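Number of protein chains: 2
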Amino acid sequence: MTQEKTPLVKEIPPKKDDLSAWYTAVCIKAELVSYSPVRGCVVLRPAGFGMWERLQAELDARFKATGHENAYFPLLIPESLLKKEAEHVEGFAPEVAWVTHGGNEKLTERLAIRPTSEVIIGVMYAEWLQSYRDLPILINQWANVMRWEKATRPFLRTLEFLWQEGHTAHASHTESVEEVHRMLEVYREVAEDAAGVPVVAGEKSASERFAGALQTFSIEALMPDGKALQCGTSHDLGQNFSKTYDISFAAEDQTTQFAWTTSWGMSWRMLGALIMTHGDDRGLRIPPKLAPTQLVVIPIVKGADTVVLEAARALTATLRKAGFRVKLDESDKRPGNKFAEWEMRGVPLRIELGAHDLEAGVVTVVRRDLEKGEEGAKTIVPLDALVARASEFLDLLGSNLYAQARHFLDRHTVATAERSAFEQSCRERDGFIDIVWCDRPECEARVKANTSATTRVLRPLLPTDDGARCVACGEPGRVRALFAQSY
Amino acid sequence: MTQEKTPLVKEIPPKKDDLSAWYTAVCIKAELVSYSPVRGCVVLRPAGFGMWERLQAELDARFKATGHENAYFPLLIPESLLKKEAEHVEGFAPEVAWVTHGGNEKLTERLAIRPTSEVIIGVMYAEWLQSYRDLPILINQWANVMRWEKATRPFLRTLEFLWQEGHTAHASHTESVEEVHRMLEVYREVAEDAAGVPVVAGEKSASERFAGALQTFSIEALMPDGKALQCGTSHDLGQNFSKTYDISFAAEDQTTQFAWTTSWGMSWRMLGALIMTHGDDRGLRIPPKLAPTQLVVIPIVKGADTVVLEAARALTATLRKAGFRVKLDESDKRPGNKFAEWEMRGVPLRIELGAHDLEAGVVTVVRRDLEKGEEGAKTIVPLDALVARASEFLDLLGSNLYAQARHFLDRHTVATAERSAFEQSCRERDGFIDIVWCDRPECEARVKANTSATTRVLRPLLPTDDGARCVACGEPGRVRALFAQSY
């Protein structure tokens, strides 16, 4: 009668053998995303959106604490406006989706679906900004954006994605540069403290810079396959956009001046970093701060026994009241199947409650971050101590996930002064390859052609680098660069 | 050197003389919105977005408390999918914006920017839903949508707008109908309790029904010009969408059945109702629950005196710590100008602190809902009682705004049994005109042609209506209908 349904993914391949296949399987099987009938666009399902909501809350609180307010700007940008900033449009035009018809009429001018909002926001700031008293303008937008990409992968690269974009205007370059670094630090903190993903922060090279920016900074995480993943960027736009879109103001000395602007963004890509960093062969492992469900309560019920079920319900209510995000699995599946399912979904703590436990006044708490049989993986906890112990376990679990990832990042950040070792490490994805570098685009292009690696971030030379030459080409060294292959 | 800036609106016309001019002026001058360079699209500025964030929080908490989870579906819908449900596409096709090019390539199939998401969500539910164990599916989406309208007005009708759309699937019609009414009640509660806007709730007539629904229900507010404003809708989609998009499941009895689906939405239009309902000739009046700023502290500083300023800062910190949303106006404007500005912005309570107040250990609290000179408009409050009194004033203010609006709605809901009186009331916008009605589309069309009024909601006949005939046409009466002109 009805067409056959798409079968659900039943197994995930081992993470080590094929990270890419493992990643896709986990995203689908843990019900984070579904592919949609629109090429390159995914659906963010409740389990995935729940993580995004938590990430939003962590970021939004920090944006507000640093004086920013949210606003919303139009989705569509007239082609003529987009074309005003030459470098910017050159960077984005190949990736723009165009609206040409509204209702049954052909539009007189094509409208771009925003790939980012510098242009439309620049036009509005030009209208709003009158005097130095109006500065700084500190606005953030939560929005969907669209970039018409060829290859796509859930969270990492999709035609449409969700993100936030901050756009600020300042009276001086000193102030705008401070803002750029302040927000980069917010990203580092959220990546490391909330998502448990350690990152390196630094400047991007000229070829990796945002189209139209003076300087771009980013945070970069290292995935288990040795490839880097850019997780957030912060741009010093200088006066480029303010001169193009006339974001000017009457200064205190009565002169008319152009504002100094910044923009900075983090997208749901951060969740891709989290999934790849923490997941294992049993599925997701979600850090407690971003877990939509922190605790799952599983009643071990035999037959028609309702006492355990009632106790599990009461326990769930108690835990919710104490502020935890809790689910109770009352389904008629077998306990073993429930365990596997909630492990796949990455819920940090599992609480098992059976008839014997109930009599003894205890529950069994199982930590998702530890291997079966590992010390501390399973703990019998008296019911009246559960709230306190659950908090403690969540903290330990969060720290442990971060520590494991930090250990991996440190072990895979290698400094070298040998060109052949450098190129081999780049080719073999040893991780971040830290070298003295000349900062020349042509050198980076050659390394990329030879090894597929590019600079991820640039950092100042160390005192001991005095007089050192570029490890990649032998020209004078100007900076330290972390090279890596990247997503 | 730079182009001349668009001048800000300096004055607002009296609300009584021209509601439309007053409304637009308030939206612009209170910096809720700005017009954008994209026809029919507005920018929601921080003061406007702050209200939207509060409204979102009120709705989202209630959605979650009733078991719903958030998710995100693609912005673009392939034309072939949109066309599957005939009635639905007929309703929306004239209003759809079409994407025809991605990057530099022409697409093989046009993509619609979602006017609403029943179609794309229906396709996904068909994939996800396997068995009765998967039901109900209770999902909400916060999203931007686009409808290519001719005339536009901030909040009330714009090409792009922000809203939420709930989409649920159930095993039985009884359950889905319960959901439709549950969410309509959530809308009523949020409109009345949070936005302070009294509404009538009921079913829509056939001609006002959502394209593809069995039944549509709505809440309707009454604006000061006697026109109704639809503020939220809840649709019983029956099995129409599930049959078109194959949302089927294996039932407990092993048969394959189609799910019963619903959808329901509220947009930023609710804020338009709030603005028109509560505003006065001095500007906005925002109910405390939706006010981004509940209290503004204004230090009355003479010369270079820093003592008052320091005290105002300390007071602001104390009030924030107590949980209020507070702004401190430290600008160098004159107090009178500050008062007028914050009145325009609709902040519920103003707290004035001068040197004499400080010595006496008091502040002056001014309520935005009362006229100058009215009893209770201005109160001297001891500093140590301020937190408690401010809470109390906010509650009083919230109740008072609602009571004023309720009084207006009740006074402008008139029942009549005379056809000539009915038509005159419709024409003269007396408000909701409550009549016994035949429930025939041709009767409604004739009333609309004669008076510009349509049915807003239908309600059951009263016991006393037994045998009564339609006031508009004399045919047998089937329901009670509230007629009004509408936005």
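Chains A and B are the protein sequences, given in the same order. Letter by letter, the first sequence follows residues -2 to 484 in the numbering used here. Letter by letter, the second sequence follows residues -2 to 484 in the numbering used here. Each residue gets a CB set at the ideal place from its N, CA and C atoms; glycine is no exception. Source: prediction; values computed, not measured.
Minimum Cβ-Cβ distance from residue i to chain A less than 7 angstroms
i, result
"Leu52 of chain B", "no"
"Pro91 of chain B", "yes"
"Val96 of chain B", "yes"
"Val359 of chain B", "no"
"Met267 of chain B", "no"
"Gly100 of chain B", "yes"
"Pro195 of chain B", "no"
"Ser246 of chain B", "Note on residue identity: the sequence assigns Phe, not Ser, to residue 246 of chain B. Phe246 of chain B does not count as touching chain A."
"Glu66 of chain B", "yes"
"Pro332 of chain B", "no"
"Asn141 of chain B", "yes"
"Ala151 of chain B", "Residue identity differs from the one stated: residue 151 of chain B is Pro in this sequence, not Ala. By this cut-off, Pro151 of chain B is not an interface position."
"Ala198 of chain B", "no"
"Trp145 of chain B", "yes"
Simplified DSSP assignment, three categories, for residue i
i, result
"His409 of chain A", "coil"
"Gly333 of chain B", "helix"
"Ile244 of chain B", "coil"
"Ala94 of chain A", "strand"
"Glu425 of chain A", "coil"
"Ile297 of chain A", "strand"
"Trp265 of chain B", "coil"
"Cys24 of chain B", "helix"
"Asp277 of chain B", "strand"
"Ile283 of chain B", "coil"
"Tyr32 of chain B", "strand"
"Gln401 of chain B", "helix"
Span of the beta strand (DSSP E), counted from its first residue to its last, around residue i
i, result
"Gln236 of chain A", "Element bounds for Gln236 of chain A: n/a, residue is neither H nor E."
"Asp431 of chain A", "Phe429 to Trp434"
"Thr361 of chain B", "Val359 to Arg364"
"Pro137 of chain A", "For the sequence presented, residue 137 of chain A should be read as Asn rather than Pro. Note, Asn137 of chain A: beta strand (DSSP E), Ile134 to Met143."
"Arg454 of chain A", "Per the sequence shown, the amino acid found at residue 454 of chain A is Val instead of Arg. Start and end: Thr451 to Arg456."
"Lys103 of chain A", "Glu102 to Ile110"
"Val476 of chain B", "Val476 to Ala481"
"Glu162 of chain B", "Glu157 to His167"
"Glu217 of chain B", "Gln212 to Leu219"
"Glu349 of chain B", "Leu346 to Gly351"
C-alpha gap between residue i and residue j, whole angstroms
i, j, result
"Trp339 of chain B", "Gly333 of chain B", "10 angstroms"
"Ser417 of chain A", "Glu115 of chain A", "42 angstroms"
"Ala248 of chain A", "Leu52 of chain B", "37 angstroms"
"Val197 of chain B", "Arg347 of chain B", "33 angstroms"
"Gln138 of chain A", "Cys38 of chain B", "16 angstroms"
"Pro379 of chain A", "Ala311 of chain A", "15 angstroms"
"Phe480 of chain A", "Val194 of chain A", "19 angstroms"
"Ile216 of chain A", "Arg426 of chain A", "19 angstroms"
"Cys24 of chain A", "Arg342 of chain A", "9 angstroms"
"Val35 of chain A", "Ile110 of chain A", "16 angstroms"
"His232 of chain A", "Leu181 of chain A", "9 angstroms"
"Leu41 of chain A", "Arg154 of chain B", "28 angstroms"
9 angstroms Cβ cut-off: residues of chain A touching residue i
i, result
"Tyr129 of chain B", "Simply none; closest approach about 12 angstroms."
"Leu219 of chain B", "Near Leu219 of chain B there are no residues of chain A at all, since even the closest Cβ is about 28 angstroms away, more than 9 angstroms."
"Leu108 of chain B", "Val35 and Ala94"
Under 8 angstroms from the C-beta of residue i: neighbouring residues of chain C
i, result
"Pro71 of chain A", "Looking for chain C here will not work: the only protein chains present are A and B."
Chain B contact residues for residue i, given Cβ-Cβ distances below 7 angstroms
i, result
"Glu327 of chain A", "Near Glu327 of chain A there are no residues of chain B at all, since even the closest Cβ is about 11 angstroms away, more than 7 angstroms."
"Ile136 of chain A", "Pro43"
Under 8 angstroms from the C-beta of residue i: neighbouring residues of chain A
i, result
"Met121 of chain B", "Ser31, Ser33 and Val40"
"Ile295 of chain B", "Those do not exist, as Ile295 of chain B stays about 17 angstroms from chain A at its closest Cβ, beyond 8 angstroms."
Endpoints, the alpha helix (DSSP H) within which residue i is located
i, result
"Arg51 of chain A", "Pro43 to Ala62"
"Arg310 of chain B", "Val304 to Lys318"
"His65 of chain B", "Element bounds for His65 of chain B: n/a, residue is neither H nor E."
"Lys445 of chain A", "Pro438 to Thr448"
Test: residue i CB closer than 7 angstroms to a CB of chain B
i, result
"Phe46 of chain A", "yes"
"Asn447 of chain A", "no"
"Thr3 of chain A", "With a pLDDT of 41 at Thr3 of chain A, under the threshold of 50, the modelled position of this residue cannot be trusted, and the question is left open."
"Pro473 of chain A", "no"
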